[in-house]
Each structure stands twice: as structure tokens, then as C-alpha cells.
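Written below as C-alpha cells is the structure these notes are about.
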Amino acid sequence: NAGVTQTPKFQVLKTGQSMTLQCAQDMNHEYMSWYRQDPGMGLRLIHYSVGAGITDQGEVPNGYNVSRSTTEDFPLRLLSAAPSQTSVYFCASRLSRTGYGYTFGSGTRLTVV
Amino acid sequence: AQTVTQSQPEMSVQEAETVTLSCTYDTSENNYYLFWYKQPPSRQMILVIRQEAYKQQNATENRFSVNFQKAAKSFSLKISDSQLGDTAMYFCAFMKRGGGSNYKLTFGKGTLLTVNP
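Top line first, the protein sequences correspond to chains X and U. Here my numbering is used: the first residue of the first sequence is 29, the next is one more, and so on. Here my numbering is used: the first residue of the second sequence is 21, the next is one more, and so on.
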């Protein structure tokens, strides 16, 4: 199994540009989440989904949109990139009925200049 | 809301020695899970060990073990026989069991562990 696949691994954007970070999982996990990691801040939840068609905001949702049209895919959209969105982004998924933690993708390092 | 605190931003240990990383958390929940994740320089988040709060027995995974003190809300990670490959950022994390908000993993800010040869 591929697990959680994130693309791209690296990206440089100019301020004001938009882009979509892709995330796909092949484990039939109901729950999917997007986190951002900043130095000294740990990982903070941006948006999450508990199933296809259901999404909601996390701690730091401003400037980001998500959708979940299928169980497998959970893309994260940056609407108008800002330097404050320079970060490492992780997508993660897990089964809802178990206590096992999330499985993470390999991350995307995004730089906004 | 839950909070997770890792009070040691950085630690170092000599190869083959034992090191303990600290984690405390604050919650009003009774049923939850606690995790330690490892993030090596490759950036990949790797689950090291998990503890179910309703189990009194401390979890162990090979060289990794935890000291779970539910009343004190403490969850430390002990790494025995440290290896160079253990050099990584370690994150403590909390997740509610069941009911609402069980989608969310709350992380501490991390402890950077360096294993010296």
C-alpha cells in the first residue's frame, strides 16, 4: 500500500498566487486532516474531514480551503498565498473506529516569496 | 481544550545510553490516547508508541517505553540503548477517545534529540 501520498514535496509561490496541495490515501480511512508545522510551534490543525462530503475548520483555517468529494482525496487550496503561509504541510489519515494514531504523508515544504 | 507541553526543547545523549523525554498534558477527558511521534531529518512523521489512557500498564515497543501517570497527566518517553538513528524531533500528542473532537491530534512543540557517537 502507498499509504498517504502528498504532492508536491517542495513548492515556491509568489505572494498572491494560488495553488492546491494534493493528498490521497489508499487505506479507506474516514478521517483526514491537514496540519502545518512551523519552527517552535509543533503541528497545528488547519482543516479536517470525517468522511466524504464533510469538512470543518481546525485551529488555523484562514487562507485555506478544502473539499472531500471522495474518501481517498483531500486537497488543500491556498487561495492567495502570503509569506505567513510559508511552512511545512502534512496530510494525515486514520480509521475512525480505532485508537491508532494518524498516518502521515511525507509533507510539502512551501515557501511564499 | 486540550494542551500538550514538552518542556525540553533540546536534549542530547551519548550512544548506547538511556534518555527520557518529558510530556505533560491538560485535559478534562477521562478516555483518550497518547502518542509519541518521531520526525527524523527526512521530515517523515513516524509513530513510535501509543498509550490508551484506560490501561494502567505502560506501553513498550522494543527500546522505547513510556511512563504514563494519569493522575499527574504525565507521559514521558524512555529510549534505551540510544542509537544514532534515534536523532530526531520527538512530538508528544493527545487524542480524545470517542465522541466529538476525536478527529483531532493535539501536539506538543517537540523535543529535538541528538544522539552523539
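Cβ atoms here follow ideal geometry from the backbone N, Cα and C, with glycine treated the same way. In this text the structure is predicted, and so the values were computed from the model without any measurement.
The three-state secondary structure of glutamine 113 (chain X), taken from DSSP, is helix. Contact of glycine 118 (chain U) with chain X is not assigned, every C-beta pair being separated by 7 Å or more. Contact check for methionine 31 (chain U) against threonine 131 (chain U) passes: the beta carbons are separated by less than 7 Å.
By the Cβ rule, the region 92 to 108 of chain U counts as touching the region 25 to 45 of chain U, because three or more pairs are nearer than 8 Å. For serine 102 (chain U), the closest C-alpha among the options U:Ala36, U:Gly118, U:Thr80, U:Phe88 is that of U:Ala36. With respect to the 7 Å criterion, serine 77 (chain X) and methionine 55 (chain X) are not classified as neighbours on the basis of their beta carbons. For asparagine 87 (chain U), the uninterrupted beta strand (DSSP E) segment begins and ends at 84 to 89. The C-alpha of arginine 96 (chain X) is placed about 32 Å away from the C-alpha of threonine 25 (chain U). Counting only Cβ-Cβ distances below 9 Å, tyrosine 53 (chain U) has contacts in chain X at Gly127, Tyr128, Gly129, in chain order. Any Cβ of chain X closer than 7 Å to the Cβ of phenylalanine 88 (chain U) would place that residue at the interface, and such an atom is absent.
Against chain X, the beta carbon of phenylalanine 111 (chain U) has neighbours under 9 Å at Gly70, Leu71, listed in chain order. Under a criterion of Cβ atoms nearer than 8 Å, no residue of chain U is adjacent to valine 141 (chain X); the nearest Cβ is some 21 Å distant. Residue state for leucine 104 (chain U) is assigned as helix, using DSSP reduced to three classes. The secondary-structure analysis by DSSP pairs cysteine 51 (chain X) across a beta bridge with X:Gln34.
Within the region 62 to 85 of chain U, the residues whose Cβ lies closer than 9 Å to any Cβ of chain X are, in chain order, Ser62, Arg63, Gln64, Met65, Ile66, Leu67, Arg70, Glu72. Counting only the Cα atoms, glycine 105 (chain U) lies some 31 Å from isoleucine 74 (chain X).
An exposed status is given to isoleucine 66 (chain U), since fewer than 16 other beta-carbon atoms sit within 10 Å of its beta-carbon. Neighbours of lysine 124 (chain U) in chain X, taken as residues at a C-beta separation under 8 Å, are given in chain order as Ser61, Leu73, Tyr76, Gly86.
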